[in-house]
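Engineer: Sequence positions in the sequence shown follow full-length UniProt numbering and run 1 to 69. Heads up, the beta-carbon is just placed ideally off N, CA and C, and yes, glycines get one too. The structure is given below, and queries will be raised subsequently.
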Amino acid sequence: SLQISDTLLQRMKKFRFAKTESTTALVLRINRKDQTLEEEDFYDDVQMEDLVEELPDNQPRYIIMSFKV
């Protein structure tokens with residue numbers, strides 16, 4: 001099973017409840033060697049199209065986004 005560190009869980013919780021007007025994204029990846037979920041990058045004031053261009057085509061990522069509706 002996949003392990004998620006307490007530090008990452010706290011980071012995700014902080015991200016979830018952050019008060020921001022801009023679109024933000026937290027990019028996560030799986031470390032296959034350790035079977036852990038890791039934070040790879042954080043984007044502030046990013047557009048979805050720009051984020052897609054930044055991500056590698058052949059390596060899966062999990063993206064948590066926050067945007068104003």
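1. On the DSSP bridge list, what partners appear for A25?
2. Among D34, L51 and R32, which has the Cα closest to the Cα of S66?
3. Here's the rule I'm using: 16 or more other beta-carbon atoms within 10 Å means buried, otherwise exposed. How should L9 be labelled?
4. Among K68, A25, L37 and V69, which residue has its Cα nearest to the Cα of L55?
5. Helix, strand or coil for Q35? Go by DSSP, reduced to three states.
6. In terms of residues, what are the limits of the alpha helix (DSSP H) holding K20?
7. To the nearest angstrom, report how far apart M48 and T23 are at their CA atoms.
Structural biologist: According to the structure shown:
1. Y43 and M65
2. L51
3. exposed
4. A25
5. coil
6. In the sequence on display, residue 20 carries Thr and not Lys. Here T20 belongs to no alpha helix (DSSP H), and DSSP marks it neither H nor E.
7. Going from the Cα of M48 to the Cα of T23 covers about 9 angstroms.
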